[in-house]
Amino acid sequence: MSDTYTSHIEAMRQWLLTSGLFPPAEKVNMNYLDTRPMGFAVVDVTEDPVAERYIDGTCLYQKSYEVQGRMPYGGDRKANARSSDLFGRLSAWIMAQDEAGNYPAVGRVQSLAVRGSGGILYADESTAVYSIPIHITYL
5 MSDTYTSHIE AMRQWLLTSG LFPPAEKVNM NYLDTRPMGF AVVDVTEDPV AERYIDGTCL
65 YQKSYEVQGR MPYGGDRKAN ARSSDLFGRL SAWIMAQDEA GNYPAVGRVQ SLAVRGSGGI
125 LYADESTAVY SIPIHITYL
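Using this note's numbering, you'd call the opening residue of the sequence shown number 5 and step up by one each time.
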């Protein structure tokens, strides 16, 4: 493997950073979400990598991720609204990128879809983890 290889999850992370919606890049991890607020992660989701097999032996591949963020949460309605708004804007940005054909570098992308609205996965008294599921198909 050459030194220029970029994994799919790193390509997804780099692509998401172009949205301008995240804090400094060092706060966006891969498969690890910090316990402190304002941490973000791109997380691999397990699934069959082959979406479709064609008679000529080629395949349409698929991969799913979750973009997760630990955000301030509690009785402050404004803070909760800001957190929700961030994930709403991210969801809209992803859909706009799909419309424009601007995809992460993970092969010849055929489709990219947001599979959820950026809801809360779980919360405690001071933080909540929000998540947007993303599904991508590529050749």
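Where a beta carbon is used, it is the ideal one built from N, C-alpha and C, also for glycine.
Quick one: using the 10 Å Cβ neighbour count with 16 as the cut-off for buried, is residue 79 buried or exposed?
The sequence position of residue 79 within the sequence shown is 75, counting from 1. Exposed, because fewer than 16 other Cβ atoms sit within 10 Å of the Cβ of residue 79.
C-beta atoms of residue 99 and residue 75 nearer than 8 Å
Position 95 of the sequence shown, counted from the first residue, corresponds to residue 99. Position 71 of the sequence shown, counted from the first residue, corresponds to residue 75. No, the Cβ-Cβ distance between residue 99 and residue 75 is not below 8 Å.
Secondary structure of residue 23, DSSP reduced to three states:
The residue labelled residue 23 in the question sits at position 19 within the sequence shown. Residue state, collapsed to three classes: coil.
When the Cα of residue 66 is compared with those of 92, 17, 117, which residue comes out closest?
Stepping through the sequence shown from its first residue, residue 66 is reached at position 62. It is 117.
Determine the extent of the beta strand (DSSP E) in which residue 123 is found, giving its start and end residues.
Sequence index remark: in the sequence shown, residue 123 carries index 119 (1-based). Unbroken beta strand (DSSP E) run through residue 123: 123-127.
Which two residues bound the contiguous alpha helix (DSSP H) that contains residue 34?
Stepping through the sequence shown from its first residue, residue 34 is reached at position 30. Looking at the DSSP string, residue 34 is not in any alpha helix (DSSP H); the run it does join, the beta strand (DSSP E), is 32-34.
Which parts of the stretch 75-139 are runs of the beta strand (DSSP E), unbroken and 3 residues or longer, counting only runs that do not cross its ends?
113-118, 123-127
Residue environment, residue 142, which counts as buried when at least 16 other CB atoms sit within 10 Å
Stepping through the sequence shown from its first residue, residue 142 is reached at position 138. Classification of residue 142: buried, given that the 10 Å Cβ count is 16 or more.
At what residues does the beta strand (DSSP E) containing residue 56 begin and finish?
On the sequence shown, position 52 is the one that residue 56 refers to. Under the DSSP assignment, residue 56 falls in the beta strand (DSSP E) whose first and last residues are 54-57.
Can you name, in chain order, every residue of its own chain whose Cβ lies under 7 Å from the Cβ of residue 31, other than the five neighbours on each side?
Numbered from 1 along the sequence shown, position 27 holds the residue referred to as residue 31. Same-chain partners within the cutoff: 42, 43, 44.
Please state whether DSSP places residue 70 in a helix, a strand or coil.
As a first step, residue 70 must be located in the sequence shown, where it is residue number 66. Residue 70 falls in the strand class under three-state DSSP.
Let me check understanding here. Comparing Cα to Cα, which of 135, 81, 25, 47 lies closest to residue 119?
Here residue 119 refers to the residue found at position 115 when the sequence shown is read from its first residue. Closest by alpha carbon: 135.
Under a Cβ-count criterion, where at least 16 other Cβ atoms within 10 Å of its own Cβ denotes burial, should residue 132 be classed as buried or exposed?
Translated into the one-based positions of the sequence shown, residue 132 becomes position 128. Label assigned to residue 132: buried.
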